[in-house]
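If you count the sequence shown from 1, you need to add 900 to reach the working numbering. Heads up, the beta-carbon is just placed ideally off N, CA and C, and yes, glycines get one too. Below is one structure, written out as structure tokens; the observations come after it.
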Amino acid sequence: MTGRTLQRRANLTDRLARGGPRKLLAIDGGGIRGVLSLMVLAKIESMLIEESKRPDYRLADYFDYVAGTSTGGIIAAGIAMGMSVEEILAFYVDNGAKMFDKASLLKRLQTQYKSEPLALQLKKVFGEETTLGAPEIESLLLLIMRNATTDSPWPISNNPFAKYNEVGRPG
């Protein structure tokens, strides 16, 4: 990730405290087909850059909440981190074949997450220690995971005001 060249945007808490309507971007999964979503998002980002007259304008500046599942979650995380669509697309082009290797379900369950090719590539892009509470995340982020034990959806978010994200909440 190349990072932003101009001063950082207001932090997430300040952004959430502002009133007014919110803009949500939801991105579906689909493996390497995420490139199609990225082509549409590239056009939107280019229109926003042209309208704002700011070459550093990113989708994270426009969308208050970015959500995704599977490959859409990877794209959503990149957007929420302030990456340009071009940077996310380069990640897909460089890593797509390694990331979306069709492993059997049993093999995936036996493999530790930290050693999977996808996890290793994501750590390189987002940072080894980056968490949902990282200050680098510029918009709300909702990731829909799959609970491997129940095969049910498992939504996780970085919303600091969410009921289950309260620091003082008993475990």
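For residue i, which residues of its own chain have a beta-carbon under 7 Å away from its beta-carbon, when the five flanking residues on both sides are left out?
| i | result |
| --- | --- |
| Y962 | K923 and L948 |
| P955 | I949 |
| V993 | none |
Between residue i and residue j, is the Cβ-Cβ spacing less than 8 Å?
| i | j | result |
| --- | --- | --- |
| V985 | L941 | yes |
| G982 | E945 | no |
| Q1021 | N1047 | no |
| R933 | D964 | no |
My guess is that residue i and residue j are in contact by the Cβ rule of under 8 Å, so how many angstroms apart are they, rounded?
| i | j | result |
| --- | --- | --- |
| A1034 | G968 | Actually they do not touch by this definition, with Cβ atoms about 17 Å apart. |
| V979 | L938 | Note on residue identity: the sequence assigns Ile, not Val, to residue 979. Between L938 and I979 the Cβ distance is about 10 Å, and since that is not below 8 Å, they are no contact. |
| G930 | T971 | 6 Å |
| L1042 | P1053 | Contact doesn't hold; Cβ gap of about 11 Å is too wide. |
Within the same chain, show all residues whose beta-carbon is closer than 8 Å to that of residue i, passing over the 5 residues directly before and after it, in chain order.
| i | result |
| --- | --- |
| A917 | none |
| P921 | none |
The beta strand (DSSP E) with residue i in it runs from where to where?
| i | result |
| --- | --- |
| R922 | Per DSSP, R922 belongs to no beta strand (DSSP E) and is neither H nor E. |
| P955 | Segment: none, P955 is in no beta strand (DSSP E) and carries neither H nor E. |
At what residues does the alpha helix (DSSP H) containing residue i begin and finish?
| i | result |
| --- | --- |
| P1035 | Premise fails: P1035 is in no alpha helix (DSSP H) and is neither H nor E. |
| I944 | G934 to S952 |
| T1050 | That residue, T1050, is in no alpha helix (DSSP H); it is neither H nor E in DSSP. |
Mind checking whether the beta-carbon of residue i lies closer than 7 Å to any heavy atom of the ligand MG?
| i | result |
| --- | --- |
| S952 | The ligand MG is not among the ligands present in this structure, which contains no ligands whatsoever. |
For residue i, which residues of its own chain have a beta-carbon under 6 Å away from its beta-carbon, when the five flanking residues on both sides are left out?
| i | result |
| --- | --- |
| S1057 | L1042 |
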